[in-house]
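**Student:**
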Amino acid sequence: EAGVTQFPSHSVIEKGQTVTLRCDPISGHDNLYWYRRVMGKEIKFLLHFVKESKQDESGMPNNRFLAERTGGTYSTLKVQPAELEDSGVYFCASSQEWVRPPEGPYFGPGTRLTVT
Amino acid sequence: GNSVTQMEGPVTLSEEAFLTINCTYTATGYPSLFWYVQYPGEGLQLLLKATKADDKGSNKGFEATYRKETTSFHLEKGSVQVSDSAVYFCALSDKNRGSTLGRLYFGRGTQLTVWP
């Protein structure tokens, strides 16, 4: 079974540009999460989808970040315009809890974003 | 609120030594608890988890027991190997509308290095 996949693995952009990160969860997982780890800091929650609905977006830092999950499958996270402090590793995770025991959350390999 | 306090690293051990990484938590409800591991150059991998008090999670020789009375979830392994060298993260997941897999709150991570 394929795990959580993320694209791209690395992205280097200039301040003010736009970047879109993609996450494909494990097939059948209704829950999809975005996290990020800024250099030297903790891994922080950004938001949580249940299918196509935003269950919790309290971790989104500001309105430059937009996440979507149309159709309840893959998700995108867009940063527009990017700022220097957005640099870090962005992780996606998925889980399926309506089984016993609950599955996951399982994380993808992450996208390393560098804003110069 | 919810938070995780994890033993500061780095931890350096000789092969076959006993490992303990302490983790305590603060939570408003009855969270699920997790240990994730990040090997060099890779993403986060779910190592083990426990979803209710007194449950023991185990995987690859690692164990952790959910202790509600001490709000702890310490990670242990009886005999570490060089291949266990990685960063270990303790995390909790709060409940969300009755679910058990809401957002994760992470500890800062503990770097483990095992020498032959």
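Those sequence lines, one after another, are chains D and X.
For the first sequence, my numbering gives the first residue as 1, with consecutive numbering after it.
For the second sequence, my numbering gives the first residue as 1001, with consecutive numbering after it.
Here a beta-carbon is modelled for each residue, glycine too, at the ideal position from N, C-alpha and C.
1. Chain D partners of L1112(X), CB-CB under 9 angstroms?
2. Below 7 angstroms between beta carbons is the criterion; list the residues of the region 13–31 of chain D that meet it against any residue of chain X, in chain order.
3. Less than 9 angstroms separating the beta-carbons of V1082(X) and V1114(X)?
4. Can you give the Cα-Cα distance for R69(D) and E52(D), rounded to whole angstroms?
5. Using 9 angstroms as the threshold, is the C-beta distance between V115(D) and L84(D) below it?
6. Between H48(D) and chain X, is there a C-beta pair that is closer than 9 angstroms?
7. Any Cβ of chain D within less than 9 angstroms of the Cβ of Y1039(X)?
8. Starting from the beta carbon of L1048(X), find every residue of chain D whose beta carbon is closer than 7 angstroms, and list them in chain order.
9. Quick check on F1073(X) - is its C-beta less than 9 angstroms from some C-beta in chain D?
10. Using a Cβ-Cβ cut-off of less than 9 angstroms, list which residues of the region 52–78 of chain D approach chain X; keep chain order.
**Tutor:** Once the coordinates are examined:
1. As a first step, residue 1112(X) must be located in the second sequence, where it is residue number 112. The premise fails here: L1112(X) is roughly 17 angstroms from chain D at the closest Cβ pair, so nothing lies under 9 angstroms.
2. N31
3. If you number the second sequence from 1, residue 1082(X) lands on position 82. If you number the second sequence from 1, residue 1114(X) lands on position 114. The answer is yes: Cβ separation under 9 angstroms.
4. Position 69 of the first sequence, counted from the start, is the residue given in the question as residue 69(D). Position 52 of the first sequence, counted from the start, is the residue given in the question as residue 52(D). The alpha-carbon atoms of R69(D) and E52(D) are separated by roughly 5 angstroms.
5. Within the first sequence, the letter at position 115 stands for residue 115(D). Within the first sequence, the letter at position 84 stands for residue 84(D). Yes, they are a contact pair.
6. The count along the first sequence starts at 1 and reaches residue 48(D) at position 48. Chain X contact via Cβ: present.
7. Counting from one through the second sequence, the residue named residue 1039(X) turns up at place 39. Judged by the 9 angstroms Cβ criterion, Y1039(X) is not in contact with chain D.
8. Numbered from its first residue, the second sequence carries residue 1048(X) at position 48. Ordered by position in chain D, no residue passes the 7 angstroms Cβ test against L1048(X), which lies about 12 angstroms from the chain.
9. Position 73 of the second sequence, counted from the first residue, corresponds to residue 1073(X). Output row for F1073(X): interface = no.
10. Q55, D56, S58 and G59
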